[in-house]
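Going by my numbering, the sequence shown runs without a break in its numbering and finishes at 1358.
Remarks on the structure that follows.
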Amino acid sequence: MSINPEAVTLAKRFEPILLLHADERYFPIDPKFYLERCALWRSAPGSDKKADWGEAPRTVFPRRPQIAKGKIAGLKDEASGGTVWIGEPSNLVIREAEQDRPPSEDRFMELDGWEPSVPSPNEVTATSNNRHPSLSDPERYATALQGAKPWYYVEYFNNQQLLREFGQRTPNGLDLFRVITNARLSAPKLLVFHFFYALHEEPLRGCEEAGEGQTFATFAGEWTSVAVLLNSANEPLYIGLTSRNVGDPTSVPTEEHRLGMIVRPWKDVERIGEHPKIYVSRGTHGNYLTTGLHDAQPFTPGDIDISQGTCAQIEALDDVIAGGEAETIEGESGSPGIIVLKILGSMVVLPATPWLIGEDMWGTFATEIPAIEPNRKPRDETGGPLFGLILKPDGVFVPEQASAQRTVAWPTAMPAEGVRPRYDFVVDRETQAWWPPLGANPGYVGRWGPRVTNDPKRRRSGMRCPTFSLMFLQALATI
């Protein structure tokens, strides 16, 4: 292990206080504990077609995972008795986003299967639907993750590490070298807290009872983050907070855009000592500095995705008529183009009017989709004055705990040497291969929840773990 002691000291100094909504059903857990209880699946190519999943030959069902459930080892020296280390090359995939094409293969973890659960929630058969990850009962996740504790992982970058990893990068034309060497930031350092949730629950606000409005963008395996920028004297300057992206997640085809990050000055932070109070939104786990409702933001080009206003009635036109397929052909100079329906061997061409470019059509084909109304603009709701779980540093009193269902001190601590299985709380990319690649260290770039069928905008398949340090520097460069 190569844990920097300064990372431990600073993590405990700025350990955040998470205040979860009274109706929140999940809390952040250890991703290593989670992956040890998952199956690992291969998708070749990466797609939402279940015939591409698993190790069996194409079209042969049932499909089988690459590594059976409960057989993944998080650390190389813990792989024994039939378990397989997550860092084995066959479990990783080559990142090809830099070549403007999706990976030729993908990997995804599966903890509790799919819904509808026909014939079984953990099977991929010729008759299974596999349209959603398991949704119905948080007790199923509690059973699958029995013994899980609230957890976070922190990653620390000193100034030289920031320069080495990000100083040559210019994402979207932003010069990160100028940010890292900015004299006003005084040789900045970065602390990145990672939080992992078993399920992200995202209905369409105002459309919960329409079609699949309740499960519009719900997926298994969600990552969020809080980051703190420090100067050379370890004084906090800025805080970074992630929340869901309500723009079109496919507008940049080679990247995942489930989340975005905003950066705020440290003076805006409500805190106890140096511990920031973070209000977490119900279901979507957005991180905010205040209570109440928060308008969700698009973090991709353009405004709020038009699908947010359709009550999930159209997503792929092959849902409209059984046996049909649909293809959208973009027009020139911004014109809407056409949609080609292939139905029973025939083709029907329709103008790509706004009401056709949306999500899941469950009603009549000729019914116009309602436009976004003010009460349907996506919002995140944090708790207050009542809360569910409050996660806090040990020994710190939080006034809100008087109106919380329960309060738990973060149990994270450095384990003793030789303890197996080992559960750290500081990121060590040399040994912890489940993090995405950074620098010379390879890593897992697959999804942390199952792929699902009919997911054209990649909202319901499992999420990939972002490089939050890069997200923070990009957000800081824009303020």
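Beta carbons are placed, not taken as given, at the ideal position from N, Cα and C, and that holds for glycine.
Asked	Found
S881 - DSSP class collapsed to helix/strand/coil	coil
Reduced DSSP secondary structure (H/G/I, E/B, other) of L919	strand
Residue nearest to L1083 in terms of C-alpha spacing, selected from D931, E1114, R1258	R1258
Integer Cβ distance of T1170 from G1262, believed to fall under 8 angstroms	7 angstroms
Neighbourhood of H1154 by C-beta distance below 8 angstroms, restricted to the same chain and skipping five residues each side	F893, E894, P895, I896, K1271, P1272, V1275
Check whether E1034 and F1347 have beta carbons under 9 angstroms apart	yes
CA-to-CA distance, A1106 to Q1353, given in whole angstroms	13 angstroms
Host beta strand (DSSP E) of R1258 (start-end)	1258-1260
Same chain, Cβ closer than 7 angstroms to P1253, neighbours up to 5 away in sequence not counted	At P1253, the pLDDT of 41 sits below 50, so the modelled position is not reliable and the matter cannot be decided from this model.
Identity of the residues DSSP links to G1119 by a beta bridge	A1106, V1142
For G1171, three-class secondary structure by DSSP	coil
Residue closest to E967, alpha-carbon to alpha-carbon, out of G1328, G1322, A1077	G1322
Bridge-paired residues (DSSP) for E1101	Y1076
Rounded Cβ spacing between R1339 and H1136 (contact assumed at less than 8 angstroms)	Rounded, the Cβ-Cβ distance is 15 angstroms, inconsistent with contact.
Candidates W964, T938, A935, of which the one nearest G949 by Cα	W964
Where L1223 falls, given that 16 or more other Cβ within 10 Å makes a residue buried	Any reading at L1223 must be qualified, since the residue scores a pLDDT of 38, below 50, and its modelled position is unreliable; the value itself is stated next. By the 10 Å Cβ count, L1223 comes out exposed.
Terminal residues of the beta strand (DSSP E) in which T1286 lies	1283-1288
Helix, strand or coil at I946 according to DSSP, with G and I counted as helix	strand
Residue from A947, D1127, R1043, D1174 with nearest C-alpha to K1068	R1043
Coarse secondary structure for L1355, derived from DSSP in three states	helix
T927 - DSSP class collapsed to helix/strand/coil	Per the sequence presented here, residue 927 reads as Asp, with Thr not at that position. Three-state DSSP puts D927 in coil, outside helix and strand.
Simplified DSSP state of E957, which is helix, strand or coil	helix
Spatial distance of L883 from R942 (CA atoms)	With the sequence shown as reference, residue 883 is identified as Asn, and Leu is not the correct amino acid for it. Their backbone Cα atoms lie some 43 angstroms apart in a straight line.
Three or more C-beta pairs below 8 angstroms linking the stretch 1013-1031 and the stretch 985-999	yes
Sequence-distant residues of the same chain with beta carbon closer than 6 angstroms to T1163, five excluded per side	E1081, R1123, D1259
Own chain partners of D931 with C-beta closer than 7 angstroms, once the 5 adjacent residues on each side are dropped	S922, A923, P924
Within 9 angstroms, strictly: CB atoms of L919 and R986	yes
Which listed residue (A890, A952, Q1280, D1016) has its alpha carbon closest to that of R904	D1016
Residue range of the unbroken alpha helix (DSSP H) whose run includes L914	910-914
C-beta atoms of L1120 and G1165 nearer than 9 angstroms	yes
Beta-bridge partners of H900, as assigned by DSSP	F1266
First through last residue of the beta strand (DSSP E) which encompasses F987	985-989
Proximity winner among V1058, A890, T938, relative to T1006 (alpha-carbon distances)	T938
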